[in-house]
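Protein chains: 4
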Amino acid sequence: MAERSAATLDGTLGFELIEAGEELARGRFAVTDRVRQPMGIVHGGAYAAMAETLASAATYMHVAGDGNIAVGQSNHTSFLRPITGGTVHAEGRRRHRGRTSWVWEVDFTDDDGRLCAVTRVTMAVRPAPGSNSGS
Amino acid sequence: MAERSAATLDGTLGFELIEAGEELARGRFAVTDRVRQPMGIVHGGAYAAMAETLASAATYMHVAGDGNIAVGQSNHTSFLRPITGGTVHAEGRRRHRGRTSWVWEVDFTDDDGRLCAVTRVTMAVRPAPGSNSGS
Amino acid sequence: MAERSAATLDGTLGFELIEAGEELARGRFAVTDRVRQPMGIVHGGAYAAMAETLASAATYMHVAGDGNIAVGQSNHTSFLRPITGGTVHAEGRRRHRGRTSWVWEVDFTDDDGRLCAVTRVTMAVRPAPGSNSGS
Amino acid sequence: MAERSAATLDGTLGFELIEAGEELARGRFAVTDRVRQPMGIVHGGAYAAMAETLASAATYMHVAGDGNIAVGQSNHTSFLRPITGGTVHAEGRRRHRGRTSWVWEVDFTDDDGRLCAVTRVTMAVRPAPGSNSGS
Numbered sequence: 344m345a346e347r348s349a350a351t352l353d354g355t356l357g358f359e360l361i362e363a364g365e366e367l368a369r370g371r372f373a374v375t376d377r378v379r380q381p382m383g384i385v386h387g388g389a390y391a392a393m394a395e396t397l398a399s400a401a402t403y404m405h406v407a408g409d410g411n412i413a414v415g416q417s418n419h420t421s422f423l424r425p426i427t428g429g430t431v432h433a434e435g436r437r438r439h440r441g442r443t444s445w446v447w448e449v450d451f452t453d454d455d456g457r458l459c460a461v462t463r464v465t466m467a468v469r470p471a472p473g474s475n476s477g478s
Numbered sequence: 344m345a346e347r348s349a350a351t352l353d354g355t356l357g358f359e360l361i362e363a364g365e366e367l368a369r370g371r372f373a374v375t376d377r378v379r380q381p382m383g384i385v386h387g388g389a390y391a392a393m394a395e396t397l398a399s400a401a402t403y404m405h406v407a408g409d410g411n412i413a414v415g416q417s418n419h420t421s422f423l424r425p426i427t428g429g430t431v432h433a434e435g436r437r438r439h440r441g442r443t444s445w446v447w448e449v450d451f452t453d454d455d456g457r458l459c460a461v462t463r464v465t466m467a468v469r470p471a472p473g474s475n476s477g478s
Numbered sequence: 344m345a346e347r348s349a350a351t352l353d354g355t356l357g358f359e360l361i362e363a364g365e366e367l368a369r370g371r372f373a374v375t376d377r378v379r380q381p382m383g384i385v386h387g388g389a390y391a392a393m394a395e396t397l398a399s400a401a402t403y404m405h406v407a408g409d410g411n412i413a414v415g416q417s418n419h420t421s422f423l424r425p426i427t428g429g430t431v432h433a434e435g436r437r438r439h440r441g442r443t444s445w446v447w448e449v450d451f452t453d454d455d456g457r458l459c460a461v462t463r464v465t466m467a468v469r470p471a472p473g474s475n476s477g478s
Numbered sequence: 344m345a346e347r348s349a350a351t352l353d354g355t356l357g358f359e360l361i362e363a364g365e366e367l368a369r370g371r372f373a374v375t376d377r378v379r380q381p382m383g384i385v386h387g388g389a390y391a392a393m394a395e396t397l398a399s400a401a402t403y404m405h406v407a408g409d410g411n412i413a414v415g416q417s418n419h420t421s422f423l424r425p426i427t428g429g430t431v432h433a434e435g436r437r438r439h440r441g442r443t444s445w446v447w448e449v450d451f452t453d454d455d456g457r458l459c460a461v462t463r464v465t466m467a468v469r470p471a472p473g474s475n476s477g478s
């Protein structure tokens, strides 16, 4: 998969979506100034945003066929180790697939494979507006 | 206060910091494509990032005088209501000021004053590298 | 309101529900050994449990009339200051009332009114089993 | 390891600690009324409390030798599937060991091995009162 649409947040921050499977999602972004905060490290919001993108894309792809959409409900990121350069690697595992919500846990590592942040994302699954599938 | 440095994430997403007081912090950003996700609503990561910016800036300003820095430790955002246009308004209240951590809760509202997201941010307070203030 | 049923967790830990309004919920519990951890302070799980009880009871009371139930979905507690004795006071404010989820924020204070813990609880609202109200 | 002290919360709720290793911690509790909420399912606070117990015990055992204690800082539990009977099994993996904080993720399963809740616990590591090890 290529870089996400340049106009939206994903493209603006240089997010790349590598895989959006039903149980595994992967992405990455290069550490340039646009994802840094003033002290030179990766901004905490960049991790949270990437996790949200991965979970949203992977959930949506697998519920859309049933006339549903996926909407972010909660995003909880813990920052374990700062990253200052190179590439940030994100890997999300689906932990729960319910009728109305999916839960993902995303690990972030640096180029040396060290765990730098973790995010739990809860996606709400809802009938698409205008769909006949839901109440 | 003016728009944050254009080069970093804050400037890239158009974040504006209005107030960074010891107990209250306020900011805002305009809803343009650079903060949207593909479905046209504000990307969840934009709320998380703005909360992180507010809490970091406000904490740092008030611990720096003691030779300390503030580092994001945890960011938990709940998304309550999507925003598609206008301005996103953020207001953070400090809930806790400990020796080693500060806790902020940030409310996000749309132009009609409706609550659209809430974030709890925990900032770790640490001695600045090279400072004599800490262990 | 009186002490909760002695047999369930609420009664076992001595939780008292004082108010379960549509926007405000209040409760308390005495600090005895049954809510302490081995070091003599209130166990973190006691705060989390009390917040869950308040949010569940208050949400349920106001959605049951429509044939719905309330089920805990997420509970995030931050511990700010240990409590060793006296009474733990809990006050929950409803921050969001959606069609499928309610969000509460609960503050815990000690007998001197100091903020000691905060919890955000997300309740899922679902049709009661056997109800005609939902899908 | 045997059942935890009968007087404290752990014993009151019937928590059993099976293993408190440096990277893995395991425990369990039987589903009786004392861990149930009024609707007959396991109370959300019981999962949160067990996760807090596991992370606290395992962290403390491995930092005490350096004159430190472990204090719960944050506990975020997501409830995925209700449990009504049998035994609740908890397994915690340490995700981060920093100088001032450890992070654990705890999975809860029922007797059929189904994932029913997940908790992320952040433990603060601090010098023991009266210790010479810290500032």
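Residue numbers (my numbering), protein chains in the order written: chain A, 344 to 478; chain B, 344 to 478; chain C, 344 to 478; chain D, 344 to 478.
Every residue gets a Cβ at the ideal spot worked out from N, C-alpha and C, and that includes glycine.
- The alpha carbon of G435 (chain B) has as its nearest neighbour, out of B:P381, B:G410, B:I361, the alpha carbon of B:I361.
- Close partners of T355 (chain B) in chain A (Cβ separation under 9 angstroms): T355, L356, D376, R377, V378.
- Cβ neighbours of W447 (chain B) within its own chain (closer than 6 angstroms, five residues either side excluded): A398, G435, R437, V464.
- A contact is defined here as three or more CB-CB pairs under 8 angstroms, and the region 402-413 of chain B meets this definition with respect to the region 453-470 of chain B.
- Against H419 (chain A), the close residues of chain C are H419, in the order they occur along the chain (beta-carbon pairs closer than 8 angstroms).
- The alpha helix (DSSP H) runs lying completely inside the region 349-381 of chain A and spanning 4 residues or more are 352-355, given in chain order.
- In this structure, the straight-line span from the alpha carbon of T351 (chain A) to that of H386 (chain B) is close to 9 angstroms.
- For A391 (chain B), the CB contacts under 6 angstroms within the same chain, skipping 5 residues up- and downstream, are N418, T420 in chain order.
- DSSP places L397 (chain A) in the helix class (H, G or I) of the three-state scheme.
- Here the C-alpha atom of G364 (chain B) lies approximately 6 angstroms from the C-alpha atom of A401 (chain B).
- Straight through space, the alpha carbons of D353 (chain C) and T396 (chain C) are spaced by roughly 8 angstroms.
- With contacts defined as CB atoms closer than 8 angstroms, R369 (chain C) and A433 (chain C) qualify as a contacting pair.
- Cβ-Cβ distances below 8 angstroms link R442 (chain A) to V468 in the same chain, with the five nearest sequence neighbours on each side left out; the list follows chain order.
- Straight across, the Cα-Cα distance linking G428 (chain B) with G383 (chain B) is about 9 angstroms.
- Any Cβ of chain D closer than 8 angstroms to the Cβ of T443 (chain B) would place that residue at the interface, and such an atom is present.
- Going by beta carbons, R371 (chain C) and V431 (chain C) fall inside the 8 angstroms limit.
- For a Cβ distance threshold of 8 angstroms, residue set R438, H439 of chain B lies close to L458 (chain C), ordered along the chain.
- From the listed residues A:M404, A:D455, A:T462, A:P425, the smallest Cα separation to E366 (chain A) is found for A:M404.
- Rounded to the nearest whole angstrom, the CA to CA distance from R440 (chain D) to A407 (chain D) is 14 angstroms.
- Look at P381 (chain C): its C-beta is under 8 angstroms from a C-beta on chain D.
- For G428 (chain A), no CB of chain B lies under 8 angstroms from its own CB, so it is not counted at the interface with that chain.
- In the DSSP assignment, M404 (chain B) is bridged to no other residue.
- Bounds of the beta strand (DSSP E) holding L458 (chain A) are 458-470.
- The C-alpha of L356 (chain D) is placed about 41 angstroms away from the C-alpha of R457 (chain B).
- Under a criterion of Cβ atoms nearer than 7 angstroms, no residue of chain A is adjacent to L360 (chain D); the nearest Cβ is some 24 angstroms distant.
- With respect to G473 (chain D), F422 (chain C) sits apart: the two C-beta atoms are not nearer than 8 angstroms.
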